[in-house]
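Enquirer: Heads up: the sequence lines are chains A and B, in that order. Residue 165 in the working numbering sits at position 165 of the first sequence, with consecutive numbering throughout. Residue 1151 in the working numbering sits at position 151 of the second sequence, with consecutive numbering throughout. Even for Gly, the Cβ is constructed at its ideal location relative to N, Cα and C.
Protein chains: 2
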Amino acid sequence: MIKLFGWPISSAHYRACVALDLKGIPYESVFMDPDRKEHLEAKYLAINPQGLVPALVDDDLVLTQTMAIMEYLEEIHPEPALLPANPAARARVRGLAEICNCEIHPIINRRVRLYLAEDMGHTPDEVSRWLTHWYGRSFATLEELLASSDAKGKFCHGDTPTVADIFLVSLLSAAQVFDVDVSGFSTLMKIEAACLELPQFRDKLPRLL
Amino acid sequence: MIKLFGWPISSAHYRACVALDLKGIPYESVFMDPDRKEHLEAKYLAINPQGLVPALVDDDLVLTQTMAIMEYLEEIHPEPALLPANPAARARVRGLAEICNCEIHPIINRRVRLYLAEDMGHTPDEVSRWLTHWYGRSFATLEELLASSDAKGKFCHGDTPTVADIFLVSLLSAAQVFDVDVSGFSTLMKIEAACLELPQFRDKLPRLL
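1) Identify, in the order they occur along the chain, each residue of the same chain with its Cβ nearer than 8 Å to the Cβ of Val-1062(B), setting aside the five sequence neighbours on each side.
2) Let me make sure I understand the geometry here. Which of Ala-97(A), Ser-128(A), Asn-101(A), Asp-60(A) has the alpha-carbon closest to that of Leu-114(A)?
3) Could you tell me the distance, in whole angstroms, from the CA atom of Leu-82(A) to the CA atom of Pro-206(A)?
4) Closer than 8 Å, Cβ to any Cβ of chain D: which residues of the segment 1101-1112 of chain B, in chain order?
5) Given a threshold of 16 other Cβ atoms within 10 Å of its Cβ, counted over all protein chains shown, does Leu-20(A) qualify as buried or as exposed?
6) Tell me, to the nearest whole angstrom, how far the beta carbon of Ile-108(A) is from that of Leu-142(A); I am working on the premise that it is less than 8 Å.
7) What residue from Ala-88(A), Pro-78(A), Val-93(A) has the CA that sits closest to Pro-1087(B)'s CA?
8) Taking only the alpha-carbon atoms, compute the straight-line gap between Ala-175(A) and Val-182(A) and give it to the nearest angstrom.
9) Taking DSSP's pairing of strands, which residues face Ile-1002(B) in a bridge?
10) I want to see whether chain B comes within less than 8 Å of Leu-145(A), judged by CB atoms only; does it?
11) State yes or no: is the beta carbon of Thr-1064(B) nearer than 8 Å to at least one beta carbon in chain A?
12) Starting from the C-beta of Leu-1045(B), find all residues in its chain whose C-beta is less than 7 Å away, skip the five residues before and the five after it, and write them out in chain order.
13) Using the three-state DSSP reduction, which class does Leu-45(A) fall into: helix, strand or coil?
14) Over the uninterrupted beta strand (DSSP E) stretch that includes Ala-1055(B), give me the two end residues.
15) Who are the near neighbours of Ile-2(A) in its chain, counting only those whose CB is closer than 8 Å to its CB and skipping five residues on each side?
16) Looking at the structure shown, is Leu-1208(B) part of a helix, part of a strand, or coil, going by DSSP?
17) Which residues in the same chain as Thr-66(A) place their Cβ atom closer than 6 Å to its Cβ, once the five residues preceding and following it in sequence are excluded?
18) Out of Leu-1146(B), Phe-1139(B), Leu-1131(B), Val-1053(B), which one is the CA nearest neighbour of Pro-1008(B)?
19) Consult DSSP for Gly-95(A) and reduce its assignment to one of helix, strand or coil.
20) In whole angstroms, give me the CA-to-CA distance for Val-1112(B) and Asp-119(A).
21) Checking 8 Å against the spacing of the C-beta atoms, do Ala-164(A) and Ala-68(A) come in under that value?
22) Would Leu-20(A) pass as an interface residue toward chain B - the criterion being a Cβ-Cβ separation below 8 Å?
23) Tell me whether Thr-1160(B) sits in a helix, a strand or coil according to DSSP, three-state version.
24) Output yes or no for whether 8 Å exceeds the beta carbon distance between Ala-1151(B) and Gly-1158(B).
25) Measuring CA to CA, which of Glu-38(A), Lys-43(A), Glu-103(A) is closest to Arg-137(A)?
In structure tokens, the structure reads:
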């Protein structure tokens, strides 16, 4: 059976869970304790030398990076599809997902927050302003892109969830953990509400843990 | 004809150029001046509300985010392939590309450097340490992942270039612009040298401009 390494409050681990659960692929979660730095111990580094989560392990196959994991799941287990069929629509969905994956998540994630605080000496308030700044820029863009699009339906693209919704909900959830005010992004909030009607999005939501 | 918006020293714009050139797809580059903030003017924001580069425009289709652009090009113009055929191999290549795309580029890019300097008051030396820290961590992982892999050939995956090589070369090039010492990453340097034998990688290399 597939093993998924991570920890419950990781938004990246959550994304992989939702993709697996939406596709109905069975897996076993293997949780590590980030405060005890279990992800930097030799045992895990032998699996994923990057020391990041998640890692999806299926026999001798080890996959990292949530977008690569989702593309793989889409290829080996196409239904239900998490990407639309048409290349231009797929590019739209991937573009929305990558705004979350590249423009928000890497800048606000745990290791960057720790580096700002511990190595650069920033106060909690300064780290908080950092989070608010980067979230605000990218969420404003996502709000504009989604609110103005004919392709948007109940979800980011039409009326079934795609990888874009998974990325979006993971970052909205993290924003709320960090007390970043997202209430002004009404389109994003509506999409999140639609996603959270589905148990696959709701059951492992980091903020509930 | 496809229009590609960007500027010559952007490593993200470079990645889209190499993908288009490897596939032999004709396009016209539209350069903006980042110092004059042309990417934040209404004319470009109407095309790409995110104000980031590149944007690939083909009639009324507007694509952003280099990974989404490359996946689109692969789907509409499959040969020469920039991803291997096998799902596990595709996941490996996408994972390597995403380490560059998510773990390095967003943290070291222009807008983050400007924010550290102008909004947070960090000195050029402190910004330089920031770059060296994040490059060092991820390049060390990439070096380990590539040096230990049987799948590596002349390039990151086998003996033909993939999206992983395009991402890697774009970031090695940027590292050298920032005076980050990459000479210790011998596997990465060998792959870069193999790529730079190809005119599609060499002709628009940001550091040469």
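Expert: In terms of the structure at hand:
1) Ile-1047, Asn-1048, Ala-1055, Leu-1056, listed in sequence order.
2) Ser-128(A)
3) 21 Å
4) Among the protein chains in the structure shown, which are A and B, there is no chain D.
5) Counting the other CB atoms within 10 Å of its CB gives Leu-20(A) a total of 16 or more, which places it among the buried residues.
6) Actually they are not in contact, since the Cβ atoms of Ile-108(A) and Leu-142(A) sit about 14 Å apart, beyond 8 Å.
7) Pro-78(A)
8) Straight-line measurement puts the Cα of Val-182(A) at about 7 Å from the Cα of Ala-175(A).
9) Tyr-1027(B)
10) yes
11) yes
12) Gly-1051
13) helix
14) 1055-1058
15) Leu-20, Ile-25, Pro-26, Tyr-27, Glu-28, Leu-56, Val-57, Asp-58
16) Residue placement at Leu-1208(B) is poorly supported in this model, since its pLDDT is 44, which falls under 50; the coordinates are not used for a value here.
17) Ala-12, Arg-15, Ala-16
18) Val-1053(B)
19) helix
20) 17 Å
21) no
22) Cβ-Cβ to chain B under 8 Å: no for Leu-20(A).
23) coil
24) Cβ atoms of Ala-1151(B) and Gly-1158(B): closer than 8 Å.
25) Across the set Glu-38(A), Lys-43(A), Glu-103(A), the C-alpha of Glu-103(A) shows the shortest separation from the C-alpha of Arg-137(A).
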